[in-house]
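Each residue of the sequence shown is one higher than the last, beginning at 1 in UniProt numbering. Since the structure comes first, as C-alpha cells, the remarks are kept for the end.
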Amino acid sequence: MAKRGGFPGMGGNMNNLMKQAQKMQKQMEETTKQLEETEYEATAGGGVVKVVVSGKKEVVSVSLDEEVVDPDDIEMLEDLIVAATNEALRKMEEDSQSKMGKITGGLGGGMGGGFPF
C-alpha cells in the first residue's frame, strides 16, 4: 500500500504545524525577555552575604554584612560569595527551565537555534 504525502499522524497539515512553531517561538522570545529582566537573590552564611544575579547570568550586586569581613579569614568570605553566587545562578536556571518547559512541553530541552527541537 502506497503512503500518502505528509507526516504520519499529522494529516499532512504542514501549515498548522508552522503556525504552532511560530507561536511557540514568539512565546519563547517573550519569556526569554522576561527572564532576562528578572533578578534572583541568594544568601550564604545565614544571610551575611547576599548576591543578586540577572536572568542574563550577570552578577548585579554583592552585599556583605560587616561581621563577615575578617581580614584574617578572607578565604571564608570568598567561599561565602561563591556559594551565594552559585545558588542565585541555580535559582535563575531552575526558573528558566521551568518557564521554557511549559512552552515547549519538554521538546528537545532547548538545543539551540530558533526552535526548541
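Beta carbons are placed, not taken as given, at the ideal position from N, Cα and C, and that holds for glycine. Since the structure is predicted, the reported quantities are computational estimates derived from the model, not experimental observations.
| message | To the nearest angstrom, how far is the alpha carbon of G105 from that of V59? | response | 30 Å
| query | Given a threshold of 16 other Cβ atoms within 10 Å of its Cβ, counted over all protein chains shown, does I103 qualify as buried or as exposed? | reply | buried
| query | DSSP three-state call for T43: helix, strand or coil? | reply | strand
| request: Tell me the start and end of each unbroken beta strand (DSSP E) in the segment 6–90 that is at least 3 residues and wholly inside, in chain order. | output: 39–44, 49–54 and 59–64
| task | Find the nearest neighbour of G45 within the set E87, S61, K56 and Q25, judged by alpha-carbon distance. | result | E87
| said: Checking 8 Å against the spacing of the C-beta atoms, do V51 and A84 come in under that value? | reply: yes
| query | How would you label M92, buried or exposed, when you count the other beta carbons within 10 angstroms and need 16 or more for buried? | reply | buried
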